[in-house]
Structure formats: structure tokens, C-alpha cells
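A quick write-up on the structure given underneath.
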Amino acid sequence: MIPADFRYLFPSSVDEAVRMLAEEGEDAKIIAGGQSLVPVLRMRLAAPTALIDIGGLTELTGVRDDGDSLLIGAMTTHYEVQRDHLVQDHALLLRLVTDTIADPQIRHRGTFGGSLCHADPAGDLLAPALALDAVMIIAGPGGRREVPAAEFFVDYFTTALAPDEILIDVRVPKYTGWRAHYEKLNRVAQAWSIVAVAATVQVRDGVISAARVGLTNVGSGPVRAVDVEAALVGQPTSAISEAARLASSGDGYKDNLARVLTGRALTAAVG
Ligand SMILES: Cc1cc2nc3c(=O)[nH]c(=O)nc-3n(C[C@H](O)[C@H](O)[C@H](O)COP(=O)(O)OP(=O)(O)OC[C@H]3O[C@@H](n4cnc5c(N)ncnc54)[C@H](O)[C@@H]3O)c2cc1C
Numbered sequence: 005m006i007p008a009d010f011r012y013l014f015p016s017s018v019d020e021a022v023r024m025l026a027e028e029g030e031d032a033k034i035i036a037g038g039q040s041l042v043p044v045l046r047m048r049l050a051a052p053t054a055l056i057d058i059g060g061l062t063e064l065t066g067v068r069d070d071g072d073s074l075l076i077g078a079m080t081t082h083y084e085v086q087r088d089h090l091v092q093d094h095a096l097l098l099r100l101v102t103d104t105i106a107d108p109q110i111r112h113r114g115t116f117g118g119s120l121c122h123a124d125p126a127g128d129l130l131a132p133a134l135a136l137d138a139v140m141i142i143a144g145p146g147g148r149r150e151v152p153a154a155e156f157f158v159d160y161f162t163t164a165l166a167p168d169e170i171l172i173d174v175r176v177p178k179y180t181g182w183r184a185h186y187e188k189l190n191r192v193a194q195a196w197s198i199v200a201v202a203a204t205v206q207v208r209d210g211v212i213s214a215a216r217v218g219l220t221n222v223g224s225g226p227v228r229a230v231d232v233e234a235a236l237v238g239q240p241t242s243a244i245s246e247a248a249r250l251a252s253s254g255d256g257y258k259d260n261l262a263r264v265l266t267g268r269a270l271t272a273a274v275g
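In the numbering used here, the protein residues as written are 5 to 275.
Here it is, written out as C-alpha cells:
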């Protein structure tokens with residue numbers, strides 16, 4: 005289907021994009037890689053009056069070293085995240101998750117920030133963002149504000165972003181030397197997750213000294229498996245299967261999947 009008519013705007017700075025959002029009102033939409041928004045427009049599930057294309061804002065692309073954390077620009081493509089050496093060294097989980105997103109064509113267009121803002125519960129980047137304690141850096145008419153991932157994902161396809169705000173950067177603390185794995189159950193290669201588990205662990209002398217575990221598509225948003233994390237800390241790696249039993253989604257079928265996949269993810273992560 006052909007999308008409904010819209011005005012197409014191409015800002016040259018974040019401030020101009022924010023101004024455009026305010027001027028155009030609630031019916032305007034940001035477009036990033038278009039990999040989720042364009043299908044929605046073509047199916048006429050949304051009919052924004054204006055699209056504000058932030059694809060020209062080079063300040064929003066790339067991964068920067070910011071001391072104890074990485075700053076990932078919202079417009080950094082999945083392909084760029086996959087190949088970034090800072091991500092590889094300090095946030096291995098993100099690289100492994102991104103490897104599983106869609107196919108190479110989509111990974112060249114789709115963006116890190118777009119995936120988080122779209123907030124599809126089956127989206128693969130939400131659970132790792134939550135598990136890694138990522139912080140969203142947001143620009144709006146009142147200036148900049150920061151929102152932790154735990155408060156950013158509000159509901160199905162709903163985030164804490166106001167209609168006149170733009171996600172500009174994501175701060176991810178460094179997890180240097182942590183091992184990681186993303187265990188994704190999908191029907192066919194390149195399909196969305198039925199359930200998936202993002203796990204990253206720090207292992208010292210055979211003992212798990214820290215763990216982060218996030219669950220994809222077990223509810224209206226990502227879920228942090230805090231009970232599993234707590235049960236792992238200070239334990240030998242042999243404690244994984246016991247701890248994985250604590251994974252929960254609140255849904256019978258997915259509960260079982262969550263437990264099985266958590267066990268697999270942690271076992272693969274510790275190697
Ligand atoms: C066939 C197919 C298979 C896919 N498979 C997977 C998969 O397996 N796993 C997965 O995780 N994803 C998958 N995706 C989705 C893909 O990862 C998209 O890249 C992602 O969902 C959206 O990113 P985007 O840059 O294209 O955003 P867009 O489509 O441009 O925007 C999505 C939404 O976010 C808003 N938005 C975007 N950027 C910003 C910003 N900076 N500030 C404020 N709002 C913003 C837009 O207004 C829109 O509402 C798939 C997509 C397709 C088409």
C-alpha cells in the first residue's frame with residue numbers, strides 16, 4: 005500500500021529537529037532507518053502529517069569512548085555496532101545480540117536508537133539495554149535529560165519519550181572482559197525472537213563475580229532476571245542450572261522457555 009501524504013523535513017542539527025517536532029505537533033514523527041516505521045506507514049497503521057528525517061545528523065552516529073562508559077549515537081546502524089571495536093571490547097553482549105538482528109540489508113539501514121525507540125517487545129536490543137544499565141540521553145525543547153533503561157521502556161511500543169523529544173545517545177557502562185551470549189529462539193533464521201535471553205557474566209578464578217541477565221519478548225517490555233543474577237554472584241559456574249530455574253516471565257509456556265534459554269545463555273557465556 006502507498007503511505008498517506010506527509011511533509012518530509014530534513015533538519016541539519018538536533019536543535020533544528022527538536023524545533024521542527026515542536027512546530028509540527030504530535031502528528032509529526034522522527035524517521036531514522038525506516039525499517040520499522042516505513043512498513044507501519046505502508047500498512048497505514050500510522051499516518052503522520054510530517055516525517056522528520058534525522059539521517060543527515062552525523063553527530064548522532066558512531067560509538068565514542070567516554071571513560072567508564074561508551075556513548076552510542078542513536079543513528080549508529082546495527083552494522084556499525086556489529087563492527088565497532090569499542091563495542092567488541094567493552095560491551096560484547098551488544099555485538100552478539102546485534103549479530104542476530106534481521107539480515108545484512110536491514111542491519112545497514114536500521115539504527116540502534118530506532119530499535120530502542122520503537123520498543124517492540126520482540127526487539128532484540130531492549131533486554132540487553134536493560135541488563136547493561138544503559139541510560140538514554142534525550143533532547144527536547146527543555147534541553148537534555150537522561151532516562152535509565154529501567155524507566156525508558158514503559159509498555160508495548162511505548163517509551164518515556166515525549167512526542168517532542170529525540171533520543172540522541174545511549175550511554176552503556178563498560179563491561180570490559182565480561183563474557184556474553186544471546187540465546188534467541190526463533191522459528192526461522194532472521195525472524196524475530198519468540199523468547200530470547202541476553203546474558204553477560206564476569207568470571208574470576210572459576211567464580212561468577214557479577215552477572216546481568218535480560219529477557220526478550222516475555223511481556224510488554226524487556227525483563228531483568230534479577231533473581232537469577234543474585235543467585236549467580238559468588239557461585240561457581242556449576243551453579244548456573246540451579247540459578248536459571250529462577251527465570252520467570254509470569255506466563256506458563258514462556259516461563260519454561262525463559263528458564264531453558266537462560267540456562268543455555270549462561271552456559272554458553274561462561275564457555
Ligand atoms: C524484515 C525485518 C526483520 C527484522 N528483524 C528484527 C529482529 O530480528 N530483531 C530486531 O530487534 N529488529 C528487527 N527488525 C527491526 C529493525 O531492527 C529496525 O532497525 C528497528 O526496529 C528500527 O530502527 P530504525 O532505525 O529503522 O527506526 P525507524 O523505523 O526509522 O523508527 C522506528 C520508530 O522509532 C522512532 N525513532 C527512531 N529513532 C528515533 C530517535 N532517535 N528519537 C526518537 N524517536 C525515534 C520513529 O519515530 C519510529 O516511531 C526487523 C525489521 C524488518 C523490516
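By construction, the Cβ of each residue, glycine as well, lies at the ideal position given by its N, Cα and C atoms.
Beta-carbon separation (whole angstroms), residue i vs residue j, contact threshold 8 Å
i      : j      : result
Ile170 : Ile34  : 6 Å
Ile141 : Ile172 : 6 Å
His94  : Lys178 : 4 Å
Ala200 : Gln206 : Wrong, their Cβ atoms sit about 21 Å apart, outside the cutoff.
Leu97  : Ala247 : No, Leu97 and Ala247 are not in contact; Cβ-Cβ is about 18 Å, not under 8 Å.
Asp137 : Pro152 : 7 Å
Ile337 : Ala32  : Because the chain here runs from 5 to 275, residue 337 falls outside it and cannot be looked at.
Leu100 : His185 : 6 Å
Gln239 : Val211 : 7 Å
Terminal residues of the alpha helix (DSSP H) in which residue i lies
i      : result
Leu97  : 96-103
Pro152 : No alpha helix (DSSP H) holds Pro152; the beta strand (DSSP E) holding it covers 147-152.
Ile244 : 244-248
Gly267 : 256-274
Ala106 : No alpha helix (DSSP H) holds Ala106; DSSP gives it neither H nor E.
Gly43  : It should be noted that the sequence gives Pro, not Gly, for residue 43. Element bounds for Pro43: 41-46.
Ala133 : 130-135
Heavy atom of ligand 1 within 7 Å of residue i beta-carbon
i      : result
Gln39  : yes
Ala78  : yes
Asp128 : yes
Thr65  : no
Leu171 : yes
Ile212 : no
Ser119 : yes
Thr115 : yes
Asp124 : yes
Ala131 : no
Pro43  : yes
Ile35  : yes
His112 : no
Ala106 : yes
Ile58  : yes
His82  : yes
Leu165 : yes
Trp196 : yes
Range covered by the beta strand (DSSP E) that runs through residue i
i      : result
Leu143 : Position check: residue 143 holds Ala in this sequence, whereas Leu was assumed. Residues 139-144.
Arg11  : 11-13
Gly117 : Unbroken run through Gly117 is the alpha helix (DSSP H), 116-122; no beta strand (DSSP E).
Asp70  : 67-70
DSSP beta-bridge partners of residue i
i     : result
Leu81 : Checking the displayed sequence, the identity of residue 81 turns out to be Thr instead of Leu. Its beta-bridge partners are Thr115.
Gly54 : Looking at the sequence shown, residue 54 is not Gly but Ala. Per DSSP, Arg11, Ala32.
Ser73 : Asp70, Pro177
**Report entry** Runs of alpha helix (DSSP H) wholly within the stretch 158-239 (minimum 4 residues, chain order)
**Finding:** Those alpha helix (DSSP H) runs which fall completely within the stretch 158-239 and span 4+ residues are 230-236.
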